[in-house]
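Novice: Before I ask anything, here is the structure I am working with.
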Amino acid sequence: MTPAGGIEVMLLWVSLSGAFFGLLALVMRRRLGTVSAFAISGFLWSLVVIAIVTLLPTDPDLGVVPAEGRATSCSTDIGGPAPDGFWILAGGQRLLNTLLFIPSGALLVLGASRWRIGWVLVPLGVAGLAAYSGLIELAQLELARLDRACDLTDVVDNVSGAAVGVVVGLVLVLVLRPWRRGRM
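Counted the way numbering that gives the first Met the number 0 counts, the sequence shown spans residues 0 to 183.
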């Protein structure tokens with residue numbers, strides 16, 4: 000049986016999806032300009048990466064989690080007992096949850112800034128990222144086989160990361176000026 004989880008599987012899916020969204024950006028480039036095409040495609044890719052990292056089991060040989068061992072509700076203990084996280088970051092799972100959403104927030108701003116309605120799209124996008132985080136936590140609760148925990152702290156960390164990303168995106172907009180399609 001092929002492993003359905005683990006770091007290697009995650010990296011494989013991240014790479015394959017990255018290649019797909021890179022090609023999508025190249026296709027959109029002529030119509031939207033380089034910065035906007037790669038920002039929009041990168042934003043979509045970041046959503047896929049978040050799903051891969053949060054919804055695939057971390058252990059490649061994960062068995063079935065018994066119904067008795069499955070959590071029946073989300074933890075509402077803000078800042079509660081979070082595990083140390085992946086081998087990727089020594090700062091722990093809370094730092095990883097925050098960092099995971101920073102690119103989404105930054106690319107959201109960069110992609111939306113090309114249009115005048117961007118000032119409406121960005122707050123709606125941040126609300127959408129918060130809802131996406133909540134849906135991921137609910138999926139982790141309902142899909143017991145993932146052996147993941149539903150935790151309100153993760154949503155807080157994810158939204159914090161998206162907010163930091165928006166600030167980073169605002170700085171990038173001033174530097175890259177995506178509305179000037181002919182220059183990039």
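From the three backbone atoms N, C-alpha and C, an ideal C-beta is built for every residue, glycine too.
1. Quick check: what's the CA-CA separation for T53 versus V167?
2. May I have the straight-line CA-CA distance separating L25 from V125, to the nearest angstrom?
3. Here's the rule I'm using: 16 or more other beta-carbon atoms within 10 Å means buried, otherwise exposed. How should W44 be labelled?
4. So, using beta-carbon positions, are S103 and A161 closer together than 8 Å?
5. Helix, strand or coil for D156? Go by DSSP, reduced to three states.
6. With distances taken Cα to Cα, identify the nearest neighbour of L169 among G91, I101, N157.
7. On the three-state DSSP scale, how would you describe S16?
8. Relative to the C-alpha of D150, which candidate in S112, A130, L137 has its C-alpha closest?
9. Would you call the CB atoms of G127 and I39 closer than 8 Å?
10. Taking 8 Å as the threshold (C-beta atoms), are V172 and V108 in contact?
11. Assuming L142 is part of the alpha helix (DSSP H), what are its boundary residues?
12. Check whether the Cβ atoms of R113 and L31 sit closer than 8 Å, and answer yes or no.
13. Between which two residues does the alpha helix (DSSP H) containing L217 stretch?
14. CB-CB under 6 Å to N96, same chain, minus the five flanking residues each way: which ones, in chain order?
15. Between which two residues does the alpha helix (DSSP H) harbouring P102 extend?
Specialist: So, to answer that:
1. Computed Cα separation, rounded: 23 Å.
2. If you take the alpha carbons of L25 and V125, they lie about 26 Å apart.
3. Buried, since its Cβ has 16 or more Cβ neighbours within 10 Å.
4. Closer than 8 Å, so yes.
5. D156: helix per DSSP, three-state reduction.
6. Scanning G91, I101, N157 for the CA closest to the CA of L169 turns up I101.
7. Note: S16 maps to helix in three-state DSSP.
8. Nearest to D150 by alpha-carbon distance, out of S112, A130, L137, is L137.
9. With respect to I39, G127 sits apart: the two C-beta atoms are not nearer than 8 Å.
10. A contact, by the Cβ cut-off of 8 Å.
11. Following the DSSP letters along the chain, one finds L142 in no alpha helix (DSSP H), marked with neither H nor E.
12. It is a contact, given that the beta carbons lie within the stated cut-off.
13. Since the displayed the chain opens at 0 and closes at 183, residue 217 lies outside it and no answer follows.
14. Excluding positions up to five away in sequence, the list reads D153, D156, N157.
15. For P102, the uninterrupted alpha helix (DSSP H) run begins and ends at 92–111, by DSSP.
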